[in-house]
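Going by my numbering, the first residue of the sequence shown is number -4, and it counts up by one from there.
Ideal placement from N, C-alpha and C gives every residue a C-beta, glycine not left out.
Quick caveat, the model's predicted, so the values are computed rather than measured.
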Amino acid sequence: MAALEKNPAADLMSMFSDSYIQGHRNAKYGQLSYAAKQETETKGLPEFRTRLDLAEIATVIYPLSDKVTAMLGQYSGGWLDNKSIDAEQSLIASLKQLIWDSPKIWESSVRGVVVKCNEDIVAKVITGNKDYTEYTSMQYLEKQVPDISAPRPHGLIALGPFRIIFMSYIPGQTLAQAWPSLSHKEKISIQHQLDEIFCRLRTIRQDDGSPLGGVNGEGAKELRVDECTLFKNITTTKEFNSLQFSARHYGSTTYVKLLRSFLEYDNSTLIPGSVFTHGDVRINNIMVKKEPSPSGEYIVTGIIGLEDSGFYLHY
């Protein structure tokens, strides 16, 4: 109420939690008729960047790299002076202008947008300003396995109800885009490269007793239970299994007990500790590029989309 008294024109949705906003969107979409859903998907929703008008505050969560600072400084350097009364507004204006001036390379009208700021840096604007799992995972991988190609962190800013993650640009195209034109031999080659990358990631271990989920203690995720909640202080296999089975289901309690009983005879659940996991392995999160050499082989240039990554059980 205090925020509304201060600014009666403030956006109400920006005052609610991420989980409420996501549930509200799902409920609205679920109420549409089949024809209306088809029309919505055909016509498309407004460009995500128009929602940046909702942002009236900005906070630097993780320091910006020199490259990002220089980019923003091209629009206005006033925000660099923390003593300036207008420093925050200068930063907000610079961010919005940079996002609008940069070409889109990915967009979801609900989730966010990724823009290419220059040849080295991209900015990922995502709904929600509390979850920093993706950023801390990038920091962790850069330190622990610098030879594995993943985006490198360049700073994070909470901008109103959004977060802007600056990261290095991974060249190439997604495996989803390249897949239809790949030969069987090229697909096998990419498979072997991915096997090596993900097996290497799983060698990064964490001992029993440490929280599962984000590497900086952000908490575990279980999208079947809640798409937006971070479940903190889950440290054991039993606790994580209980979280998974807390998801809403439509079977009887007898059926659920039957499913849970299978875990008692699965030796993989007995392996101690946890391993680093990408969390969202799919062809849209794998970048590939065709080599300019005479062989013209495809190489994996990087793995992206680390927002669901962290330490999880072996199975």
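Backbone secondary structure at residue i - three-state DSSP
i      : result
PRO148 : strand
PHE240 : coil
LEU189 : helix
LYS233 : helix
THR169 : strand
ILE298 : strand
TYR307 : strand
PHE143 : In the sequence on display, residue 143 carries Ile and not Phe. Reduced to three states, the DSSP call for ILE143 is coil.
GLU42  : coil
VAL314 : This structure cannot speak to residue 314, because the chain is shown only from -4 to 310.
Span separating the alpha-carbon of residue i from that of residue j
i      : j      : result
THR35  : ARG46  : Confidence is the limiting factor: at THR35 the pLDDT is only 47, short of 50, which leaves the residue's position unreliable, though a coordinate-based value still follows. So the two alpha carbons sit approximately 18 Å from each other.
SER103 : HIS149 : 22 Å
LEU93  : LYS285 : 30 Å
ALA31  : GLU42  : No answer about ALA31 holds up, because its pLDDT of 47 lies below 50 and its placement is not dependable.
VAL295 : ASP275 : 17 Å
TRP174 : SER85  : 43 Å
ILE121 : LEU90  : 14 Å
PRO141 : VAL251 : 43 Å
ASN299 : THR248 : Note that residue 299 is Ile in the sequence shown here, rather than Asn. Roughly 39 Å separates the two Cα atoms.
SER288 : GLY268 : 43 Å
GLY214 : LEU189 : 27 Å
GLU234 : PHE193 : 25 Å
GLY297 : GLY208 : 22 Å
ILE199 : GLY167 : 27 Å
SER241 : GLU222 : 14 Å
ASN279 : ILE266 : 31 Å
ARG147 : GLY246 : 44 Å
SER144 : ALA88  : 32 Å
HIS187 : VAL117 : 28 Å
CB-CB length for residue i against residue j, believed under 8 Å
i      : j      : result
CYS112 : MET162 : No, CYS112 and MET162 are not in contact; Cβ-Cβ is about 10 Å, not under 8 Å.
GLN201 : PHE306 : 4 Å
LEU301 : GLU129 : 5 Å
SER132 : VAL210 : 6 Å
ASP115 : TYR57  : The pair is not a contact, with the Cβ atoms about 18 Å apart (cut-off 8 Å).
THR169 : SER205 : Their Cβ separation, rounded to whole angstroms, is 33 Å, which puts THR169 and SER205 out of contact at 8 Å.
LYS125 : VAL109 : Not quite, the Cβ-Cβ distance comes to about 20 Å (not below 8 Å), so this is no contact.
PHE271 : ARG219 : That belief does not hold up - the Cβ atoms of PHE271 and ARG219 are roughly 21 Å apart, past 8 Å.
TYR127 : LEU151 : 6 Å
Identity of the residues DSSP links to residue i by a beta bridge
i      : result
SER163 : ILE116
ARG158 : ILE121, ALA153
GLY293 : Reading the sequence as shown, one finds Tyr at residue 293 and not Gly. DSSP, once it has assigned bridges, lists LYS285 as partnering TYR293.
ARG200 : VAL270
PHE226 : ALA215
GLY208 : PHE306
LYS111 : VAL117
Any non-hydrogen atom of the ligand PLP closer than 7 Å to residue i Cβ
i      : result
GLU222 : This structure simply doesn't include the ligand PLP, nor any ligand for that matter.
* To do: Would you list, in sequence order, the uninterrupted alpha helix (DSSP H) runs of no fewer than 4 residues that lie entirely inside the region 47 to 109?
  => As summarised for the region 47 to 109, the continuous alpha helix (DSSP H) elements at least 4 residues long and confined to that stretch are 61 to 68, 82 to 96, given in chain order.
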